[in-house]
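Novice: The sequence shown begins at 0 in numbering that gives the first Met the number 0 and counts up one residue at a time. In this text, a Cβ means the ideal position worked out from N, Cα and C, and glycines have one as well. Please read through the structure below; I'll follow up with questions.
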Amino acid sequence: MERRKFLGLGVGALALLAMPKAIFAENYRVKLPDVWKVKNDEKAKEPSLEGTNEAIKMVFGSNKTEEGKVKLKAPDIAENGAVVPISFKAEGAKKIAVFQTANPEATVAIFDVPEIGIPDYSIRIKLQQTGIVTVVAEIDGKLYSANKLVKVTIGGCGG
0 MERRKFLGLG VGALALLAMP KAIFAENYRV KLPDVWKVKN DEKAKEPSLE GTNEAIKMVF
60 GSNKTEEGKV KLKAPDIAEN GAVVPISFKA EGAKKIAVFQ TANPEATVAI FDVPEIGIPD
120 YSIRIKLQQT GIVTVVAEID GKLYSANKLV KVTIGGCGG
């Protein structure tokens, strides 16, 4: 082996060992398998937060949240429920979770925010019908949330 390749591999290995553990993602499907089994009431005529509240309690240990400190952007009307863009910010958050009432599973995603991270996310989710999107963030030991009703139109007619 050439000396340069050997030194390059050695430096790369040292860099991996020096990386903080916070950079590696936590697999919440393994860590909290029961939270992904929490179901929404699909037969309800109006969106119900019952499944969402149960999932929040499983993720954070409590479902008592306060409004504020979480900014959520989602469309009022989604013409295509297969691709609904949402974005959210929560300055100072340690953990952020996204929930919804439109699909069978209440939990969408859970994020651990590293100390040097900037909790400003944009994702696309799937909603099979009109429902409420909820984002919950743990900030300074308290839970803050934001909700948004997203109407999903059938056939992309826009109304």
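(1) If you draw a straight line from the C-alpha of K63 to the C-alpha of E41, how long is it?
(2) If we call anything under 8 Å between Cβ atoms a contact, is A89 one with A54?
(3) L148 bridges to which residues according to DSSP?
(4) Just checking, does the segment 97-113 make contact with the segment 42-50 on the three C-beta pairs under 8 Å criterion?
(5) Give, in chain order, every unbroken run of the beta strand (DSSP E) that is at least 3 residues long and sits entirely within the segment 78-142.
(6) Contact check, A81 vs V112 under 8 Å by CB: the rounded distance?
(7) Do S144 and T133 have their CB atoms nearer than 8 Å?
(8) In chain order, what residues of the same chain have a beta carbon less than 6 Å from the beta carbon of D119, not counting five sequence neighbours either side?
(9) For a quick check, are the C-beta atoms of I109 and K125 less than 8 Å apart?
(10) Any idea which residues DSSP pairs E66 with across the strands?
Specialist: Reading it off the structure:
(1) The straight-line gap from Cα to Cα measures roughly 24 Å.
(2) no
(3) In DSSP, L148 forms a bridge with I131.
(4) Counting Cβ pairs under 8 Å, three or more are found: they touch.
(5) 83-88, 92-99, 106-111, 119-124 and 130-138
(6) That belief does not hold up - the Cβ atoms of A81 and V112 are roughly 28 Å apart, past 8 Å.
(7) yes
(8) K88
(9) no
(10) S144
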